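**Student:**
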Amino acid sequence: MKLAIPRITFWKAVAGIFLLGGLVAAVVRFGWGLGVATNLSDVTPWGLWIGFDIVVGVGLAAGGFTLAGIVHIFNIKRFKPIVRPAILTAFLGYSLVIVGLLFDLGRPWFIWHMLIYQNPHSVLFEVGMCVMIYTTVLALEFAPVVLERFRLQKALKVMKAITIPLIILGILLSMLHQSSLGSLYLIVPQKMHPYWYSPMLPVFFFISAIAVGLGMTIVESYLSARAFQKTLETHLLRDLARIMFGVLLVYFTMRFIDLLRRDALHYLVDGSFETMMLYLEFGLMLVIPLLLFNIRGFGQSRAGLFFTAFSVVLGFMTNRLNVTLTSLESYYREMFGTSYFPSIGELAVTISIVTAGFVLFGLAVKYLPIFPHHEEETVIDVNEAPERAAAPKIDGDPAAQLRRH
Amino acid sequence: MSHAILVDLTECVGCGACRDACQQVHKFPEIENTKLDAQNFTTLRLCEDAEEGTETYVRQMCQHCQDPACASVCLVGAIEKTADGAVTWDEGKCIGCRYCMLACPFDIPKYEWESGNPKVRKCTMCHQERHLAENAKVDNEGFVIDRNGDRIEIDGREITADDRDSIVSMTTNDDDDRATACSVACPTAATLFGDRDELLAEAHARIKDNPDDYVPQVYGSKEVGGTSVFYLSNVSFESLGFYTKLDHEALPQRTWNVLEKIPDIVVTAGVALGAVYWITSRRDEVRRYEDEVKKQKANKHS
Amino acid sequence: MVALFVILFVAVLLGIDLFIQARHRKYPIMAAAADAAPAAGLRETVRIPKSVFFHPGHTWARLQDGDHLEVGIDDFVQKALGSIDGVTVPAVGEFVRQGDPVITLRHDNKELHLVAPASGQVQSINTDALENPQLLRENPYREGWLMMIKPSELASNLGMLHVAESAVNWIKEEISRFREFLNASVAQPAIVGESMLDGGTPVSGALEHLDGEHLQNFEEQFLR
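Going down the list, the sequences are from chains H, F and X.
Each step along the first sequence adds one to the number in our numbering, with nothing skipped, and position 363 is 393.
Each step along the second sequence adds one to the number in our numbering, with nothing skipped, and position 199 is 1294.
Each step along the third sequence adds one to the number in our numbering, with nothing skipped, and position 100 is 105.
#1: Look at the alpha carbon of H/Phe-388 and the alpha carbon of H/Ile-240, and state the distance between them as a whole number of angstroms.
#2: Can you tell which of X/Arg-182, X/Gln-139, X/Gly-149 and X/Ile-130 has the C-alpha that lies nearest to the C-alpha of H/Gly-334?
#3: In terms of alpha-carbon separation, which member of H/Val-409, H/Tyr-397, H/Tyr-252 and H/Ile-383 lies closest to H/Leu-78?
#4: Rounding to the nearest angstrom, what Cα-Cα distance links F/Asp-1103 and H/Phe-121 in this structure?
#5: Apply the 10 Å Cβ neighbour rule to F/Lys-1356 and answer buried if 16 or more other Cβ atoms are within range, or exposed otherwise.
#6: Give the list of continuous alpha helix (DSSP H) stretches no shorter than 4 residues that lie fully inside the region 296-353 of chain H.
#7: Restricting to runs no shorter than 4 residues, where is the alpha helix (DSSP H) found entirely within the region 1127-1159 of chain F?
#8: If you run the structure through DSSP and keep just helix, strand and coil, what is X/Glu-218?
#9: Determine, using beta carbons only, whether X/Pro-122 and X/Leu-166 come nearer to each other than 8 angstroms.
#10: For the alpha helix (DSSP H) containing F/Phe-1288, list its first residue and its last residue.
#11: Using the C-alpha atoms, what's the distance from H/Phe-234 back to H/Pro-399?
#12: Classify F/His-1121 as helix, strand or coil using the three-state DSSP reduction.
#13: Between H/Lys-221 and the rest of its own chain, which residues show a CB-CB distance below 6 angstroms, the 5 nearest in sequence each way excluded?
#14: Roughly how many whole angstroms lie between the Cα atoms of F/Val-1279 and F/Cys-1107?
#15: How would you write the range of the beta strand (DSSP E) that F/Gly-1109 sits in, first residue to last?
#16: From which residue to which residue does the beta strand (DSSP E) around F/Ser-1210 run?
#17: Span of the alpha helix (DSSP H) holding H/Met-274?
#18: Here's the rule: buried if 16 or more other CB atoms are within 10 angstroms of the residue's CB, otherwise exposed. What is F/Ala-1114?
#19: So what's F/Met-1220 in DSSP terms, helix, strand or just coil?
#20: How big is the Cα-Cα spacing for X/Ile-196 and X/Phe-183?
#21: Check whether chain F comes within 8 angstroms of H/Ile-141, counting only Cβ atoms and requiring the distance to be less than that.
#22: Could you pull out every unbroken alpha helix (DSSP H) segment of at least 4 residues lying fully inside the region 1310-1384 of chain F, listed in chain order?
#23: What is the DSSP secondary structure of X/Leu-212, counted as helix, strand or coil?
#24: Check each candidate in F/Gln-1118, F/Arg-1273, F/Glu-1127 and F/His-1343 and name the one with the smallest Cα separation from F/Asp-1290.
#25: For my contact list, F/His-1299 and F/Lys-1317 are in at a C-beta cut-off of 8 angstroms; report their separation, rounded to the angstrom.
#26: Can you give, in chain order, each stretch of the alpha helix (DSSP H) that sits fully within the region 130-156 of chain H and has at least 4 residues?
#27: Return the chain-ordered list of same chain residues with a C-beta closer than 6 angstroms to the C-beta of X/Asn-188, the five sequence neighbours on each side being excluded.
#28: Exposed or buried, which one is H/Ile-117 when buried takes at least 16 other CB atoms within 10 Å?
#29: What three-state label does DSSP hand X/Phe-59 in the structure shown?
#30: Since H/His-265 meets chain X, which of its residues come closer than 7 angstroms, beta carbon to beta carbon?
#31: State yes or no: is the C-beta of F/Asp-1245 within less than 8 angstroms of the C-beta of F/Asn-1230?
#32: Helix or strand or just coil, what does DSSP make of H/Phe-235?
#33: If you draw a straight line from the alpha carbon of X/Asp-113 to that of X/Asp-90, how long is it in whole angstroms?
#34: With a threshold of 8 angstroms between beta-carbons, can F/Asn-1212 be considered close to chain H, or not?
#35: Taking 8 angstroms as the CB-CB cut-off, is X/Ala-85 touching chain H?
#36: Buried or exposed: which applies to H/Arg-59, given that a residue is buried once 16 or more other Cβ atoms fall within 10 Å of its Cβ?
Here you go:
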């Protein structure tokens, strides 16, 4: 055998290992506390779990409100087939963000305190409330899928009546908390590298979330096409990519003007680690996708679109991790001579949360009407077509003769 | 009355009495630690400058900001700037997000990383301890109770009459006023506790009266909008490792600038989205109607 | 450092995935069981949607909005041709008649002419697919549609066309007939590929190996 393990099984095995690792890490985290499970410290109180599970996670789930807005508010109906997978990803994404938060909180069992001890001056309070309400809104936006599956017509009718207010609410909530994730860092101007600290952080976070929401939708569509033969039409994804590039160009123009205005451009030639990370961010999120998209014959194909969007997603991750972690590194080094790198336990938890996202998405696509109803078709295996014994027989077959002429 | 602490580094001889008293009053193990942590609310560190030939002992503790970043970021409002001047943390509210630790411009709040029910810890300005003398009543099991008859707890410990007496004695100064344990213990009056305005005036007076003995700066009076812990020194604060790059504007203002716009944003965006929806769906309706009309006309002609 | 690590980690996973995919492409037989993605074209299959009407000349038509016919080429001829370099269709407004050769597929400098599955006036053409013939390979029944016509004699036209089970049986026949055609046309079995040896005759790209004369024969025998 040239290849012992077929592909699906290979990734299934990997997913199993990842989930198992996460389980072990979870036991350590909740059994022995944050100190044992993580590399967090008094100096670096926030690490991978905040940076990736929450800040990146919420961003990657932005496709839900973006697509819902495009289709239901701007009434561009041809994107309708994409709304469901996007809302599903958003719902799963936010649910997993909350799981990640429960890992990170020192006293997760008090998370409901947010509801009764409200501090309206806290950005985190605003983020927390928005995430909580928005997850509920997403559950409601997703409800028709489940109702359809179980043919609950009355409930469906009710849901249909409140669709538009629900979607407007969802967009407002997303605007608020997507941008507020950036506002979280407005309070530490003296700790962050000038590349990433900007009074404009909330605006940047919001705009880039729209772009990556579109990018994630393309990526998901490609992956589900591979795994489930359930897919969306390429030309729709191509249009999404075009919108994505429009948003990205606005975003990077603003970033550039911001760097210029804050007089941070002169760092660009200092050859430091931060500079390299900034280039990586710009390269992955803008330059490489633009180049890929414009390769003739490839950029417009399904695979080309996937790589284009995937690069944007990677660039987005780089940006969020740069804001949350890279930008603080030099401060920690200078002040305390330490740096932060996540422990095996932190990595295991984060990886298993992402894996859980993939698995749940897969199950939902398999059992719920997520992708547009596909035309039934018969697929004939060429080698199963009847072999006919001899040539003369065809000539003698009047039906074949008739058909031929 | 808002209280404050004035630390005159020129008076400090580095005896460590402040640190020991702090550890004692909070029932922490007495170790000489140079780093703040969950069981060290104040540290004493020697800064030597070989060129100038100066030796300065530097005390570090919570600055008790006037407009604290830690309190503003806390989503459940567990951290509070009290009228007393102390910035306090409420165990009953905290959910353990540690945003306060990130937000603090002085990197003060510390965490019980090894605990299953971790607390955020930092200097309390002996807030509860200073008020303990007001509660003289003891219940029949020997625990101190407040006016409502509830047992008083400090750090989750119920206080016995003996505890109260020792704490009260540690937080009562020679003038029979309540003060922080560190200031009571200080033998050279390097750490003073008192009314914030009075101490600030005192600090400025000392600089004015003895300009050769001090650098002309009261550290803590302007940083991040002013704090309730002031420092005087005869060498530059930067060389002593103080956080000298801080703005004079209070940090919470930066996030409030954004947060206060939220109601406007919600209303504007809500109306805008509603309008866009109305226009686009109306356009659809009109188009459908026109198509209908066209079809009817076509039918008539044929 | 963390950001860099995360990006590299994701990139490595993507790399592993690409490597595995590449191996599947190299050993398609092993992949067949695991991967039936039509877009990947790993297994030799021909797709027949239930709601599409097939002309015996391997073009299809589908009723849209009740009064339009979407027209394209079928999966069989697309697969047999292997790759398509260019497509030409009549201009908008022209009238096409069922059975008239109006669609031209180009491959290298060879041409194949396919007939219109029904008569009518061309209403619009799929410029996306004309500019990017790759779309015909991805899905000849959806993204790869070629033109929209307004049918003029739909009822009588439909009589000529295969649909559903009839289409399935017809395509099966066609595949068998195509094998025989290949065996007869190609003296050297080696030309059509090594897999001849394991008994199966490949359909994919089989036409690429035929010269002009045989292609002419194919057109006459299969595309009319």
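From the three backbone atoms N, C-alpha and C, an ideal C-beta is built for every residue, glycine too.
Keep in mind it's a predicted model, so treat the numbers as computed, not measured.
**Tutor:** Short version:
#1: Approximately 21 angstroms, taken between the alpha carbons.
#2: Per the Cα distances, X/Gln-139.
#3: Taking only the C-alpha atoms, the option nearest H/Leu-78 is H/Ile-383.
#4: Cα-Cα distance, rounded: 57 angstroms.
#5: Classification for F/Lys-1356: exposed.
#6: Whole alpha helix (DSSP H) segments, 4+ residues: 303-312, 318-323 and 332-351.
#7: The alpha helix (DSSP H) runs of length 4 or more contained entirely in the region 1127-1159 of chain F do not exist; there are none.
#8: X/Glu-218: helix per DSSP, three-state reduction.
#9: Less than 8 angstroms separates the beta-carbon of X/Pro-122 from that of X/Leu-166.
#10: F/Phe-1288 -> not in any alpha helix (DSSP H); beta strand (DSSP E) instead, spanning 1286-1290.
#11: For H/Pro-399 and H/Phe-234, the distance between alpha carbons rounds to 35 angstroms.
#12: Secondary structure of F/His-1121 (DSSP, three-state): coil.
#13: Hits under 6 angstroms: Leu-358 and Tyr-361.
#14: Going by the C-alpha atoms only, they are around 14 angstroms apart.
#15: Element bounds for F/Gly-1109: n/a, residue is neither H nor E.
#16: Taken as a continuous stretch (DSSP letters only), F/Ser-1210 belongs to no beta strand (DSSP E), as it is neither H nor E.
#17: That run of the alpha helix (DSSP H) goes 264-291.
#18: The displayed chain sequence assigns Arg, not Ala, to residue 1114 of chain F. With 16 or more Cβ atoms within 10 Å of its Cβ, F/Arg-1114 is classed as buried.
#19: DSSP places F/Met-1220 in coil when its eight states are reduced to three.
#20: Low confidence applies here, because X/Ile-196 scores a pLDDT of 47, under 50, leaving its location unreliable and the question unanswered by this model.
#21: It does: the Cβ of H/Ile-141 has a partner Cβ on chain F nearer than 8 angstroms.
#22: The region 1310-1384 of chain F contains these whole alpha helix (DSSP H) runs: 1347-1354.
#23: Here X/Leu-212 sits in helix by DSSP.
#24: Relative to the Cα of F/Asp-1290, the nearest Cα in the group F/Gln-1118, F/Arg-1273, F/Glu-1127 and F/His-1343 belongs to F/Arg-1273.
#25: The beta-carbon distance between F/His-1299 and F/Lys-1317, rounded to whole angstroms, is 12 angstroms. This is too long to meet the 8 angstroms contact definition.
#26: Complete alpha helix (DSSP H) runs here, min 4: 143-146.
#27: Contacts found: none.
#28: Classified as buried, H/Ile-117 has 16 or more neighbouring CB atoms from the shown chains inside 10 Å of its CB.
#29: Annotated three-state conformation of X/Phe-59 is strand, per DSSP.
#30: Neighbours of H/His-265 in chain X, taken as residues at a C-beta separation under 7 angstroms, are given in chain order as Asp-133 and Glu-148.
#31: Result no, Cβ atoms of F/Asp-1245 and F/Asn-1230 do not sit closer than 8 angstroms.
#32: In this structure, H/Phe-235 counts as helix in the three-state DSSP scheme.
#33: Cα to Cα, the separation comes out at about 7 angstroms.
#34: Judged by the 8 angstroms Cβ criterion, F/Asn-1212 is in contact with chain H.
#35: No, no contact with chain H.
#36: Answer is buried; the Cβ neighbour count reaches 16.
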